[in-house]
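Order-wise, the sequence lines are chains C and G.
For what it's worth, the working numbering labels the leading residue of the first sequence as 1, then goes sequentially.
For what it's worth, the working numbering labels the leading residue of the second sequence as 1001, then goes sequentially.
All C-beta atoms, glycine included, are put in the ideal place defined by N, C-alpha and C.
All values derive from a computational prediction rather than experimental measurement.
See structure below.
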Amino acid sequence: MTIDCRGKQIREINRGIRAGLASGEVEVLNPDARHNLAVALLQPGAVRIRGSVGYYCGGLMDGATVHIEGSAGWGLAESMLSGMVTVRRNAGNGAAAAIRGGTVVIHGNAASRLGVSMKGGLIVVGGNCDYMAGFMGQKGVMIICGDAGEAFADSMYSTVCYVGGRIADLGNDAVIEPMSDDDVALVESSLRTHLGEAVRATKPAAHAFRKVVAGKKLWNFSHRDWKTWQEAL
Amino acid sequence: MCGIAGYLDRTGEAPYPLGEVVLSMLQALGCRGPDSAGVALQAAPRPDVWTLRVKLGETTDEGRGDQVRAVALRHRGAEYSTRSAYARFTVPSSEDLAALTAELEAIAPQIEVLSAGHSLEIAKQVGSPANLDAAFGVRAFRGSHGIGHTRLSTESRVDLSHSQPFWAHGCPDLAIVHNGHITNYHQLRRRYQQRGVRFYTENDSEVIAVYLGERLRRGDSLAAALHGMLEDLDGSFSCLATTSRALGFVKDPYAFKPLVYAETERFVAVATEEVAIRSALPGDYAVVEASVRDVRVWTV
């Protein structure tokens, strides 16, 4: 099934996508970076968007797969429960924010606040991520093949991050932990699966990634850590 | 919320007319700012004249057109025309722009020189981008680069003077648009006022024009002045600036406000949202979100 967005209201497009999912794959033409495309998809099935999307694409989703062949605006896949969202180019601020599960793959770069407050799921970024990625991450895994921006992994709970490039600056309570064999295996299999063999070969070797987790100093208040708290707040 | 947009044609052939591109971008951003719309467009520079655009009243000339025309003629003015609440005319560039501005603005408190320079033309008013086009014929405007704004007012009144873009009064051809809040605005404004700088509005964005104007007059490049904003201005800002030769932007250190750009061999386009760029410019090109403290300047 094919839906051309030109001349259609966003609700009409989304109704069409939901109806089309029942019968398999839906192709979306001329998205023109419009907002709220393919949101709240609550059943399995694949949506292929031939172009760029605006804000909140793939948000509030449970179980579907959305492939975006251009870039994405703010709030990509926000609060996704399960499913998969892939972006061929770049993603805007707050991609995969507060996801509870599923997989978000960004082949280009992610802007600020990637995966903030994520509560599960997997994020794979082929390029770099910008300011404050992983802030207050509670669960889940974030893999960045390129460089991470400032305040990386600030004030996290139990999200685990892996960075293949340089880290501009670690956030409050973020610490680097040695890579275990399991970590190397997880990074390797995730990159192979989600970037493909050919692209994976262009990225750093899995053992060269650095693992960033919470130092747990902010988990419970203690007077001894007063300085850290002052800084964090 | 507000919407900002900028466009620079790199081919020199203007395959997409400047006015049409900037207007299309603003229309795509219209829902981000329904209060007012405006553009600051750079035409082919005319070194021999200053082009002035003067606000006569809020929506009409309010009977002040004749007085402004008389002042213009005394300064060897030519090409005098009025449109909506505006007068537009040129004077030879040997005329003292500061003295002329002071004389015009002494006619009545409502009168304000909205733009002046060898290439800059600002058109702005309360209402939608479509109404702006109907009033000023923005779509037909030809030039090399320019910026635009759709406003959702959050801190000061909605009228023509408080609309954006802002001309940096006294600094020919320099104009800005801004999405965000300048939180040390009052402090900066007091400091400038103590030095005799006049503020025309209570819009915090105006201080950006004042700041950049002062830096450029001191001999700084546009890039250096935009970098300076990261040190001297607090708050959230995605800001675009244009001079007769350049288009540039700066994004605040916390990336509070959106700003994306696309750079190809043919053009540079910058906007609050990608939808603005895609709806105005066809083609297969990448769009990138600006990073924290990003400063970029392109010249024609």
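Inter-residue Cα distance where the pair is residue i and residue j
| i | j | result |
| --- | --- | --- |
| residue 1205/G | residue 1300/G | 26 Å |
| residue 103/C | residue 1187/G | 47 Å |
| residue 1185/G | residue 1233/G | 8 Å |
| residue 183/C | residue 206/C | 8 Å |
| residue 1060/G | residue 90/C | 46 Å |
| residue 195/C | residue 1255/G | 28 Å |
| residue 64/C | residue 87/C | 15 Å |
| residue 189/C | residue 1031/G | 44 Å |
| residue 1276/G | residue 1160/G | 24 Å |
| residue 1104/G | residue 1261/G | 39 Å |
| residue 1192/G | residue 1108/G | 23 Å |
| residue 80/C | residue 151/C | 24 Å |
| residue 1091/G | residue 1112/G | 17 Å |
| residue 35/C | residue 83/C | 20 Å |
| residue 123/C | residue 110/C | 11 Å |
| residue 100/C | residue 121/C | 6 Å |
| residue 1097/G | residue 55/C | 45 Å |
| residue 5/C | residue 1264/G | 26 Å |
| residue 1068/G | residue 1106/G | 10 Å |
| residue 211/C | residue 167/C | 11 Å |
| residue 217/C | residue 67/C | 39 Å |
| residue 31/C | residue 1/C | 15 Å |
8 Å Cβ cutoff met for residue i and residue j
| i | j | result |
| --- | --- | --- |
| residue 1145/G | residue 1177/G | no |
| residue 1065/G | residue 1082/G | yes |
| residue 1036/G | residue 1125/G | yes |
| residue 17/C | residue 26/C | yes |
| residue 146/C | residue 171/C | no |
| residue 159/C | residue 137/C | yes |
| residue 72/C | residue 95/C | yes |
| residue 1115/G | residue 1043/G | no |
| residue 1219/G | residue 1174/G | no |
| residue 1122/G | residue 1038/G | yes |
| residue 175/C | residue 213/C | yes |
| residue 1012/G | residue 1029/G | no |
| residue 169/C | residue 232/C | no |
| residue 1236/G | residue 1181/G | yes |
| residue 1292/G | residue 130/C | yes |
| residue 1249/G | residue 1007/G | no |
| residue 1216/G | residue 1225/G | yes |
| residue 45/C | residue 24/C | yes |
| residue 105/C | residue 135/C | no |
| residue 1034/G | residue 1152/G | yes |
| residue 28/C | residue 58/C | no |
Endpoints, beta strand (DSSP E) assigned at residue i
| i | result |
| --- | --- |
| residue 50/C | 46 to 50 |
| residue 1092/G | 1086 to 1092 |
| residue 124/C | 119 to 125 |
| residue 1298/G | 1295 to 1299 |
| residue 1248/G | 1246 to 1251 |
| residue 968/G | Because chain G spans 1001 through 1300 in this model, residue 968/G falls outside it and cannot be assessed. |
| residue 1212/G | Counting along the chain, residue 1212/G falls outside any beta strand (DSSP E), though it belongs to the alpha helix (DSSP H) covering 1206 to 1217. |
| residue 1083/G | 1078 to 1083 |
| residue 142/C | 139 to 144 |
| residue 14/C | Element bounds for residue 14/C: not the beta strand (DSSP E) but the alpha helix (DSSP H), 10 to 21. |
| residue 215/C | No beta strand (DSSP E) holds residue 215/C; DSSP gives it neither H nor E. |
| residue 66/C | 62 to 68 |
| residue 87/C | 82 to 87 |
Start and end residues, alpha helix (DSSP H) containing residue i
| i | result |
| --- | --- |
| residue 1028/G | 1018 to 1028 |
| residue 202/C | Counting along the chain, residue 202/C falls outside any alpha helix (DSSP H), and DSSP gives it neither H nor E. |
| residue 1131/G | 1129 to 1136 |
| residue 229/C | 226 to 232 |
| residue 1236/G | That residue, residue 1236/G, is in no alpha helix (DSSP H); its beta strand (DSSP E) goes 1235 to 1242. |
| residue 1229/G | 1222 to 1232 |
| residue 1187/G | 1185 to 1194 |
| residue 190/C | 181 to 195 |
Integer Cβ distance of residue i from residue j, believed to fall under 8 Å
| i | j | result |
| --- | --- | --- |
| residue 1280/G | residue 1025/G | 5 Å |
| residue 1274/G | residue 112/C | That belief does not hold up - the Cβ atoms of residue 1274/G and residue 112/C are roughly 16 Å apart, past 8 Å. |
| residue 1023/G | residue 1133/G | 6 Å |
| residue 203/C | residue 186/C | That belief does not hold up - the Cβ atoms of residue 203/C and residue 186/C are roughly 14 Å apart, past 8 Å. |
| residue 49/C | residue 78/C | Going by Cβ atoms, the distance from residue 49/C to residue 78/C rounds to 16 Å, so no, they are not a contact pair. |
| residue 1289/G | residue 20/C | At roughly 30 Å, the Cβ-Cβ gap does not stay under 8 Å, so residue 1289/G and residue 20/C are not in contact. |
| residue 1130/G | residue 1027/G | 7 Å |
| residue 1270/G | residue 1005/G | 7 Å |
| residue 1257/G | residue 1203/G | Their Cβ separation, rounded to whole angstroms, is 16 Å, which puts residue 1257/G and residue 1203/G out of contact at 8 Å. |
| residue 1278/G | residue 38/C | In fact, because the Cβ distance is near 17 Å, the residues do not count as touching under 8 Å. |
Exercise. At a cut of 8 Å, does the stretch 1047 to 1055 of chain G reach the stretch 1087 to 1096 of chain G through at least three beta carbon pairs?
Worked result: yes
For this session: Please confirm if the stretch 211 to 224 of chain C is in contact with the stretch 1225 to 1245 of chain G, defined as three or more CB-CB distances below 8 Å between the two stretches.
Result: no
Problem set entry | Residues from the stretch 81 to 108 of chain C in contact with chain D, defined by Cβ distance under 9 Å | Absent here is chain D; the protein component of the structure consists of chains C and G.
Exercise. Three or more C-beta pairs closer than 8 Å, one from the stretch 1156 to 1173 of chain G and one from the stretch 1130 to 1143 of chain G: is that the case here?
Worked result: no
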